[in-house]
Every structure is written in C-alpha cells, then in structure tokens.
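A.B. asks: The structure under discussion is supplied below as structure tokens; questions concerning it will follow.
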Amino acid sequence: MRMKPVSILIVLFVGIGAAAFLNIQNGPADAQVPMQPSSVNIANGELLYAENCAACHGANLEGQSDWQSPSTDGRLPAPPHDTTGHTWHHADGLLFDYTKLGGQAAMAAQGLEFDSAMPGFGDTLTDDQIWNVIAYIKSTWPDRVQEMQQSRTEVEQLREN
C-alpha cells in the first residue's frame with residue numbers, strides 16, 4: 045500500500061511536533077533548576093548582602109541611580125532589589141545562577157549574549173550562602189510580590205520537570 049504525499053507530510057509533522065514537545069517538556073537531560081533549600085538563614089543573608097552586594101545594589105536594596113540606562117561602558121548599572129526593580133520578576137533558578145555564575149555567564153547558559161557587570165560569587169559564597177542572600181532580599185518584599193515571584197519559580201520548576 046502506497047501512502048499519499050499529504051499523508052506522509054502529516055505523519056512527519058505530527059512526529060516532529062511530538063518529539064519537539066517532549067524535548068521542551070523534559071529539557072536537556074543534564075538541566076536542573078536550582079531550588080532554594082527548605083531551610084535558609086535570612087539574618088545571615090542580610091549580613092552577606094551587606095558584605096558582598098550593597099556596594100553595587102545599595103544598603104537599602106535601592107540599586108544604582110539611572111539603573112535602566114546603560115553606563116558609558118554600555119553595561120546597565122546594578123538594579124534595585126526592592127519592588128522598584130525587576131528582581132522579583134525572575135524565578136529562583138535564574139536569581140541563583142545570576143548570583144553564582146555572574147550575569148554574563150548565566151545569560152550565556154540560556155543561550156543569550158549579554159554584557160553584564162554582575163560578577164559571579166560562586167568562588168566567594170557557598171550555594172547555601174547564596175540562597176541566604178536571595179531569601180533575605182525576598183523577605184523585604186510585600187507578601188503580594190513574594191507570591192508573584194513564587195509563582196514564577198513554580199512555573200520554572202514545572203517546565204524543567
């Protein structure tokens with residue numbers, strides 16, 4: 045029995061679509077979204093933030109002035125981590141990777157080219173310390189903002205599982 049060209053195209057289209065869907069659902073075999081531990085130390089995170097982050101992001105999480113416009117070197121200044129910034133727009137996995145790897149490396153891992161002044165702290169802070177800093181920052185947000193950011197994190201985790 046001979047299949048018509050249209051039938052062959054439909055079978056190919058459905059097969060390719062199914063394979064693409066499964067790849068998107070499962071992601072790369074080695075991809076893992078970092079997850080915040082169930083136990084974090086917010087007080088430690090506040091101290092670590094003051095020591096490692098406040099010089100650029102501000103003692104009160106206010107960021108650098110005019111943070112949405114590139115500096116003379118073409119890079120964006122450090123954004124605020126309070127609700128006026130965009131930190132809460134991102135899921136935990138990206139916040140962790142951005143802090144551990146640095147902005148440029150974190151974006152490159154996602155296939156994006158981005159010149160960031162954000163250094164990586166993976167050689168300075170342990171994973172638990174990075175999570176403590178992130179937990180401290182999140183603890184300063186109003187409940188509604190924390191809920192929205194948590195929703196983004198849950199969606200990210202669903203995509204990776």
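Here the sequence shown is numbered in the working numbering, starting from 45 and rising by one per residue. The beta-carbon is built from N, C-alpha and C at its ideal position, and this holds for glycine as well. Small disclaimer: the values here were computed from a predicted structure and weren't measured.
Return the CA-CA distance between Gly107 and Pro114, expressed in angstroms with no decimal places.
C.D. replies: As a working mapping, residue 107 is identified with position 63 in the sequence shown. As a working mapping, residue 114 is identified with position 70 in the sequence shown. Answer to the nearest angstrom: the Cα atoms are 14 Å apart.
A.B. asks: Alpha carbon to alpha carbon, how far is Ala98 from Asn85?
C.D. replies: Position 54 of the sequence shown, counting from 1, holds the residue named residue 98. Position 41 of the sequence shown, counting from 1, holds the residue named residue 85. One C-alpha to the other measures close to 18 Å.
A.B. asks: At the level of alpha carbons, what is the spacing between Tyr180 and Thr116?
C.D. replies: To locate residue 180, count along the sequence shown from 1; it is residue 136. To locate residue 116, count along the sequence shown from 1; it is residue 72. Straight-line Cα distance between these residues: approximately 31 Å.
A.B. asks: Per the contact definition of three or more C-beta pairs closer than 8 Å, is the region 167-186 in contact with the region 127-134?
C.D. replies: Contact between the region 127-134 and the region 167-186 is present, because at least three Cβ pairs lie under 8 Å.
A.B. asks: Thinking just about the alpha-carbon of each residue, which of Leu91, Thr128 and Gln173 is nearest to the one in Ser109?
C.D. replies: Counting from one through the sequence shown, the residue named residue 109 turns up at place 65. Per the Cα distances, Thr128.
A.B. asks: Whole angstroms are fine: how far does the CA of Glu95 sit from the CA of Pro121?
C.D. replies: Position 77 of the sequence shown, counted from the start, is the residue given in the question as residue 121. Position 51 of the sequence shown, counted from the start, is the residue given in the question as residue 95. Near 19 Å, if we compare the C-alpha coordinates of Glu95 and Pro121.
A.B. asks: Is there contact between the region 156-163 and the region 171-178, where contact requires at least three CB pairs shorter than 8 Å?
C.D. replies: Judged by Cβ distances under 8 Å, the region 156-163 makes no contact with the region 171-178, as fewer than three pairs qualify.
A.B. asks: Using a beta-carbon distance below 8 Å, is Asn96 in contact with chain D?
C.D. replies: Going by chain labels, chain D is absent from the structure shown, which holds only one protein chain.
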